[in-house]
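In what follows, a structure is listed as structure tokens, so that the remarks can point back to it.
Residue numbers (my numbering): 23 to 92.
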């Protein structure tokens, strides 16, 4: 039986790519933001994280502690 991933109710998810954003290998980091939470994935090294994002006067600060490996 297959289970579809369900997005939480609320705002539509937004996807963005941070070029050279992976702190492990320097690869591009794909980020999905929805309902105040973010998830990221690096296709090069397969690093998965749940970044913490905060808006500051000089831009958005992203900190992404490891969440697991795929």
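The C-beta atom is built at its ideal place from N, Cα and C for all residues, glycine as well.
Secondary structure of residue i, DSSP reduced to three states
| i | result |
| --- | --- |
| residue 67 | coil |
| residue 82 | strand |
| residue 50 | coil |
| residue 77 | strand |
| residue 37 | strand |
Of the listed residues the options, nearest to residue i (C-alpha basis)
| i | options | result |
| --- | --- | --- |
| residue 54 | 77, 46 and 71 | 71 |
| residue 68 | 83, 51, 84 and 34 | 51 |
| residue 39 | 45, 56, 62 and 58 | 62 |
| residue 57 | 75, 82 and 80 | 75 |
Presumed contact (8 Å Cβ cut-off) between residue i and residue j, rounded CB distance
| i | j | result |
| --- | --- | --- |
| residue 36 | residue 49 | About 20 Å separates the two Cβ atoms, so there is no contact after all. |
| residue 41 | residue 60 | That pair is no contact at about 17 Å. |
Environment of residue i [buried if 16+ CB atoms lie within 10 Å]
| i | result |
| --- | --- |
| residue 64 | buried |
| residue 47 | exposed |
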